[in-house]
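Enquirer: Sequential numbering from 12 applies to the sequence shown in the numbering used here.
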Amino acid sequence: MAKLVMNEGEAAKAARRVLQRADELAAISETPGALTRVYLSPEHLRANHLVAGWMEQIGMTTWQDAVGNICGRYEGLNEGAPAILLGSHLDTVRNAGRYDGMLGVLSALEVVAFLYQHDIQLDQAIEIIGFGDEEGTRFGITLLGSRGVTGTWPEHWLACEDAAGVSVAQALVNAGLDPARIGHAARQPEEFSAYLELHIEQGPVLEQEELALGVVTAINGARRLNCRFTGEAGHAGTVPMSIRKDALAASAEWMIFIENTTRAHGPNLVATVGTLQCAPGAVNVIPGDVHLTLDIRSPEDASLEVLLGQLLREGEQIAARRGIAFSAETYYSIPATPCDTALQRELGTSVNEVQGRCLSLPSGAGHDAIAIAERWPVGMLFVRCDRGVSHHPAESVIEEDVTLAVQAYTQAVVRLAQTPLRAFNLAEEADALNLISPCVALPEWTKNVVAQRPYDSLRALTESAAQLTQAWNRNDLLLALSTHPRIGEKAQGSSKEAVLSQGEQSAVNTRNSALSLALVQGNAEYEARFGHVFLIRAKGRSGEEILAELQRRLHNSPAKEEAEALEQLRQITLLRLEGVFA
Ligand code: 2AL
Numbered sequence: 012m013a014k015l016v017m018n019e020g021e022a023a024k025a026a027r028r029v030l031q032r033a034d035e036l037a038a039i040s041e042t043p044g045a046l047t048r049v050y051l052s053p054e055h056l057r058a059n060h061l062v063a064g065w066m067e068q069i070g071m072t073t074w075q076d077a078v079g080n081i082c083g084r085y086e087g088l089n090e091g092a093p094a095i096l097l098g099s100h101l102d103t104v105r106n107a108g109r110y111d112g113m114l115g116v117l118s119a120l121e122v123v124a125f126l127y128q129h130d131i132q133l134d135q136a137i138e139i140i141g142f143g144d145e146e147g148t149r150f151g152i153t154l155l156g157s158r159g160v161t162g163t164w165p166e167h168w169l170a171c172e173d174a175a176g177v178s179v180a181q182a183l184v185n186a187g188l189d190p191a192r193i194g195h196a197a198r199q200p201e202e203f204s205a206y207l208e209l210h211i212e213q214g215p216v217l218e219q220e221e222l223a224l225g226v227v228t229a230i231n232g233a234r235r236l237n238c239r240f241t242g243e244a245g246h247a248g249t250v251p252m253s254i255r256k257d258a259l260a261a262s263a264e265w266m267i268f269i270e271n272t273t274r275a276h277g278p279n280l281v282a283t284v285g286t287l288q289c290a291p292g293a294v295n296v297i298p299g300d301v302h303l304t305l306d307i308r309s310p311e312d313a314s315l316e317v318l319l320g321q322l323l324r325e326g327e328q329i330a331a332r333r334g335i336a337f338s339a340e341t342y343y344s345i346p347a348t349p350c351d352t353a354l355q356r357e358l359g360t361s362v363n364e365v366q367g368r369c370l371s372l373p374s375g376a377g378h379d380a381i382a383i384a385e386r387w388p389v390g391m392l393f394v395r396c397d398r399g400v401s402h403h404p405a406e407s408v409i410e411e412d413v414t415l416a417v418q419a420y421t422q423a424v425v426r427l428a429q430t431p432l433r434a435f436n437l438a439e440e441a442d443a444l445n446l447i448s449p450c451v452a453l454p455e456w457t458k459n460v461v462a463q464r465p466y467d468s469l470r471a472l473t474e475s476a477a478q479l480t481q482a483w484n485r486n487d488l489l490l491a492l493s494t495h496p497r498i499g500e501k502a503q504g505s506s507k508e509a510v511l512s513q514g515e516q517s518a519v520n521t522r523n524s525a526l527s528l529a530l531v532q533g534n535a536e537y538e539a540r541f542g543h544v545f546l547i548r549a550k551g552r553s554g555e556e557i558l559a560e561l562q563r564r565l566h567n568s569p570a571k572e573e574a575e576a577l578e579q580l581r582q583i584t585l586l587r588l589e590g591v592f593a
């Protein structure tokens with residue numbers, strides 16, 4: 012049977028290759044000795060070429076798309092199947108680190124390399140994109156690569172110019188691309204089922220928590236505002252303290268409020284006064300006019316709005332108390348990008364498997380996932396980086412962390428890219444047993460269903476599982492019923508069986524007290540007569556129908572009732588099995 016778990020040795024080897032390739036890519040720079048690689052530059056095209064070569068070595072077909080992203084596809088079991096998209100960006104800031112973006116692309120290559128080495132094709136294809144522009148270094152506009160894939164380039168982008176006066180349109184031509192064809196980079200919604208991006212954290216949280224990996228909950232939304240306190244300039248020697256209208260003192264009071272209040276909102280919200288200009292700005296003049304900027308970010312738009320409202324109201328109040336004016340104007344606003352909860356769960360499971368614990372955290376920095384999230388569900392995996400340093404040559408990661416990252420990334424992709432049936436076919440025996448054991452408390456049956464793997468189709472599985480139920484006898488019935496809740500008495504607890512049973516019985520209205528009472532009495536009579544709980548497939552039946560069946564079956568002979576109860580047990584088991592593989 013194909014092997015579907017990347018072991019530690021394989022992961023360590025993959026991590027070493029990732030780090031070595033990051034060094035190779037870092038050598039492709041416009042400035043010797045410092046890494047700068049901007050969108051549509053000759054260095055960008057060389058990096059694309061190098062990455063395409065690596066993709067081809069692991070069985071991927073490659074192409075450069077119409078906006079200059081380098082793309083590769085590793086086909087799934089059925090040609091043309093939807094793909095799970097992996098990737099990150101290959102462009103950099105000026106004098107950059109070598110992992111921001113590149114670590115994601117290189118780790119994605121290792122996911123595919125693992126599949127290729129083991130000759131595994133999943134139900135879904137895997138695609139990797141090395142996005143051409145995330146940083147916005149060259150043209151001052153960002154996410155050109157990922158917005159090419161979503162097909163959301165605004166018209167005016169083609170006219171944007173770099174510092175040398177070269178427009179995006181001209182840069183495309185210089186790179187051998189056609190500005191009239193940028194729409195061809197756009198992908199259809201049905202082509203991808205999910206986007207998973209691995210990235211260095213670029214912050215200190217994982218390091219503080221002593222963890223290699225974390226799962227991103229959301230990419231922070233942000234607002235930027237120009238704010239102003241307008242008081243009255245005056246002579247620093249003659250104007251008494253009691254009648255001053257000092258705009259800088261008001262700003263100081265507000266800044267302390269911003270810091271304290273933002274802290275009180277918990278660790279995920281941040282607010283910064285990053286610039287402050289004070290006029291007239293002389294040692295002997297009371298400041299009459301202060302311009303300051305406020306930058307505020309949060310993984311949730313609602314909490315951001317609440318905090319921002321609080322901060323602005325306080326600005327007004329401080330100004331009113333001091334008899335001066337306050338104004339604030341938002342000039343930049345980007346909503347938060349929540350990561351898909353199912354993808355977070357999947358990544359969390361994988362992270363737990365490799366590091367024994369999983370931390371969820373928001374991303375303070377922007378990523379390609381912001382654009383991709385407009386079309387597809389996104390998930391992000393963060394890798395610890397030294398002191399959180401990024402956008403700097405000192406950016407660094409350690410091999411042990413990359414080892415865990417590649418392992419977790421691979422596990423998540425492999426699980427997501429398969430149907431439950433394939434996962435069942437390929438799973439270790441214990442995992443396969445676990446998956447279907449909630450169907451019925453008969454270990455012998457469960458073992459036999461697992462032993463007959465692999466199944467070609469769901470139909471083959473259900474037919475074989477149904478066949479195996481034909482061997483059940485009274486002993487099996489009693490064993491299975493020992494864990495079955497009574498009908499009308501909803502199962503307690505959070506075991507998988509209890510959760511299933513509750514769902515199955517949801518049509519039984521326990522607030523109908525006449526019905527409940529009749530079921531209690533019927534159950535008691537039934538148990539006294541047959542020595543086990545009454546069992547009926549509840550799905551598709553109303554409470555009244557169930558009660559009628561209970562009353563009818565009370566008159567059965569023991570042999571007839573045993574046959575009926577066994578039939579109900581078979582039906583419940585097979586329904587549950589269907590649910591597992593739905
Ligand atoms: C159940 C149960 O758990 N699910 C279902 O369909 N019937 N229990 C029962 N006693 O009939």
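Beta carbons: idealized from backbone N, C-alpha and C, even for Gly.
Count the CB pairs spanning the region 418-436 and the region 561-579 that are closer than 8 Å, and state whether there are at least three.
Expert: With the cut-off at 8 Å, the region 418-436 and the region 561-579 do not touch.
Enquirer: Exposed or buried, which one is G2 when buried takes at least 16 other CB atoms within 10 Å?
Expert: Outside the shown range of the chain, which is 12 to 593, sits residue 2, and nothing can be said about it.
Enquirer: Give a yes or no on whether the C-beta atoms belonging to V78 and I193 are separated by under 7 Å.
Expert: Looking up residue 78 in the sequence shown gives position 67. Looking up residue 193 in the sequence shown gives position 182. In contact: V78 and I193 (Cβ atoms closer than 7 Å).
Enquirer: What did DSSP end up calling V216 once you bin it into helix, strand or coil?
Expert: The sequence position of residue 216 within the sequence shown is 205, counting from 1. Correct three-state label for V216: helix.
Enquirer: Please report the distance separating the alpha-carbon of R386 from that of D397.
Expert: Locating residue 386 in the sequence shown gives position 375, where the first residue counts as 1. Locating residue 397 in the sequence shown gives position 386, where the first residue counts as 1. Taking the straight line from one Cα to the other gives about 33 Å.
Enquirer: Counting C-beta neighbours from all protein chains within 10 Å, is the total for N59 16 or more, i.e. buried, or is it exposed?
Expert: The residue you call residue 59 lines up with position 48 of the sequence shown. Buried: at least 16 other Cβ atoms inside 10 Å.
Enquirer: Suppose you measure from the CA of R27 to the CA of E316; what does that come to, to the nearest Å?
Expert: As a first step, residue 27 is located in the sequence shown; it is residue number 16 there, counting from the start. As a first step, residue 316 is located in the sequence shown; it is residue number 305 there, counting from the start. Looking at the two C-alpha atoms, the distance is approximately 44 Å.
Enquirer: When the Cα atoms are used, what is the spatial distance from A491 to A452?
Expert: As a first step, residue 491 is located in the sequence shown; it is residue number 480 there, counting from the start. As a first step, residue 452 is located in the sequence shown; it is residue number 441 there, counting from the start. So the two alpha carbons sit approximately 5 Å from each other.
Enquirer: So, with DSSP's three-state summary, where would you put P190?
Expert: Within the sequence shown, the letter at position 179 stands for residue 190. Helix.
Enquirer: Expressed to the nearest angstrom, what Euclidean distance is found between the alpha-carbon atoms of E474 and E589?
Expert: As a working note, residue 474 is residue 463 in the sequence shown. As a working note, residue 589 is residue 578 in the sequence shown. So the alpha carbons of these two residues sit roughly 11 Å apart.
Enquirer: So is G225 buried or exposed if we call it buried at 16+ other beta carbons inside 10 Å?
Expert: Counting from 1 along the sequence shown, the entry for residue 225 is found at position 214. Looking at its Cβ environment, which holds 16 or more other Cβ atoms inside 10 Å, G225 is buried.
Enquirer: To the nearest angstrom, how far is the alpha carbon of T241 from that of D379?
Expert: Position 230 of the sequence shown, counted from the start, is the residue given in the question as residue 241. Position 368 of the sequence shown, counted from the start, is the residue given in the question as residue 379. If you take the alpha carbons of T241 and D379, they lie about 40 Å apart.
Enquirer: Are the CB atoms of A347 and P310 nearer to each other than 7 Å?
Expert: Within the sequence shown, numbered from 1, the residue matching residue 347 stands at position 336. Within the sequence shown, numbered from 1, the residue matching residue 310 stands at position 299. Cβ distance < 7 Å, so A347 and P310 count as in contact.
Enquirer: Just checking A549 against ligand 1 - is the residue's beta carbon closer than 6 Å to any of the ligand's heavy atoms?
Expert: As a working note, residue 549 is residue 538 in the sequence shown. Checking every heavy atom of ligand 1 against the Cβ of A549, one is found closer than 6 Å.
Enquirer: From this set, P404, E145, Q199, L444, which residue's C-alpha is nearest T457's C-alpha?
Expert: Working through the sequence shown from its first residue, we reach residue 457 at position 446. When only C-alpha atoms are compared, the closest one is L444.
Enquirer: When the Cα atoms are used, what is the spatial distance from Q422 to E264?
Expert: Here residue 422 refers to the residue found at position 411 of the sequence shown. Here residue 264 refers to the residue found at position 253 of the sequence shown. Between Q422 and E264, the C-alpha separation is close to 51 Å.
Enquirer: Return yes when at least one heavy atom of ligand 1 lies under 6 Å from the C-beta of V544, else no.
Expert: Locating residue 544 in the sequence shown gives position 533, where the first residue counts as 1. Yes, the beta carbon of V544 sits closer than 6 Å to at least one heavy atom of ligand 1.
Enquirer: Let me make sure I understand the geometry here. Which of L511, G554, E555, I498 has the alpha-carbon closest to that of A535?
Expert: Sequence index remark: in the sequence shown, residue 535 carries index 524 (1-based). Among L511, G554, E555, I498, the Cα nearest to that of A535 belongs to I498.
Enquirer: Pairs of beta-carbons, one from the region 182-202 and one from the region 44-55, closer than 8 Å: are there three or more?
Expert: Output reads yes: the region 44-55 touches the region 182-202.
Enquirer: Quick one: complete beta strand (DSSP E) runs, 3+ long, within the region 20-48?
Expert: Listed in chain order, there is nothing to give.
Enquirer: Cβ-heavy atom distance between S512 and ligand 2 below 6 Å?
Expert: Within the structure as shown, ligand 2 is missing, the only ligands being ligand 1.
Enquirer: Tell me whether H402, by its Cβ, gets closer than 6 Å to a heavy atom of ligand 1.
Expert: Indexing the sequence shown from 1 puts residue 402 at position 391. Not under cutoff, so the answer is no.
Enquirer: Got a sec: does ligand 1 put a non-hydrogen atom nearer than 6 Å to the Cβ of E35?
Expert: In the sequence shown, the residue the question calls residue 35 occupies position 24. Because no heavy atom of ligand 1 lies under 6 Å away, the Cβ of E35 does not count as near it: no.
Enquirer: Am I right that L154 and P404 are in contact with their C-beta atoms under 8 Å? What's the rounded C-beta distance?
Expert: Numbered from its first residue, the sequence shown carries residue 154 at position 143. Numbered from its first residue, the sequence shown carries residue 404 at position 393. Actually they do not touch by this definition, with Cβ atoms about 24 Å apart.
Enquirer: Just tell me which of W168, D351, L96 has its CA closest to the CA of I137.
Expert: For the purposes of this step, residue 137 is taken as the residue at position 126 of the sequence shown. Selected option, being the one with the closest Cα: L96.
Enquirer: Taking 6 Å as the cut-off, is the CB of E500 close to at least one heavy atom of ligand 1?
Expert: Residue mapping note: residue 500 aligns to position 489 of the sequence shown, counting from 1. No, the beta carbon of E500 sits no closer than 6 Å to any heavy atom of ligand 1.
Enquirer: What residues are listed by DSSP as bridge partners for K571?
Expert: Numbered from its first residue, the sequence shown carries residue 571 at position 560. According to DSSP, K571 bridges with nothing at all.
Enquirer: Any idea if H167 is buried or exposed, counting beta-carbon neighbours within 10 angstroms, 16 or more meaning buried?
Expert: Numbered from 1 along the sequence shown, position 156 holds the residue referred to as residue 167. H167 comes out exposed.
Enquirer: Is the region 106-121 in contact with the region 60-79, if contact means three or more CB pairs nearer than 8 Å?
Expert: Short answer: they touch.
Enquirer: From which residue to which residue does the alpha helix (DSSP H) around E54 run?
Expert: Here residue 54 refers to the residue found at position 43 of the sequence shown. Its alpha helix (DSSP H) spans residues 53-68.
Enquirer: For the region 283-354, which segments carrying the beta strand (DSSP E) assignment without a break, of at least 3 residues, lie completely within its bounds, in sequence order?
Expert: You should have 300-309, 336-345.
Enquirer: Roughly how many angstroms separate the alpha carbons of V62 and M113, rounded to a whole number?
Expert: Within the sequence shown, residue 62 is the residue found at index 51, counting from 1. Within the sequence shown, residue 113 is the residue found at index 102, counting from 1. V62 and M113: Cα-Cα distance of roughly 10 Å.
Enquirer: For the region 353-363 against the region 213-232, do three or more pairs of beta-carbon atoms, one drawn from each stretch, fall closer than 8 Å, so that the two count as touching?
Expert: Enough Cβ pairs lie closer than 8 Å, so yes.
Enquirer: I'd like the span of the alpha helix (DSSP H) that includes R433, first residue to last.
Expert: Position 422 of the sequence shown, counted from the first residue, corresponds to residue 433. That run of the alpha helix (DSSP H) goes 431-437.
Enquirer: Report the rounded CA-to-CA distance for G147 versus G141, giving the unit in angstroms.
Expert: Position 136 of the sequence shown, counted from the first residue, corresponds to residue 147. Position 130 of the sequence shown, counted from the first residue, corresponds to residue 141. Answer to the nearest angstrom: the Cα atoms are 15 Å apart.
Enquirer: Using only alpha-carbon positions, find the residue among K507, W483, A482, N484 that is nearest to T494.
Expert: The residue given as residue 494 occupies position 483 in the sequence shown. Out of K507, W483, A482, N484, K507 has the C-alpha closest to the C-alpha of T494.
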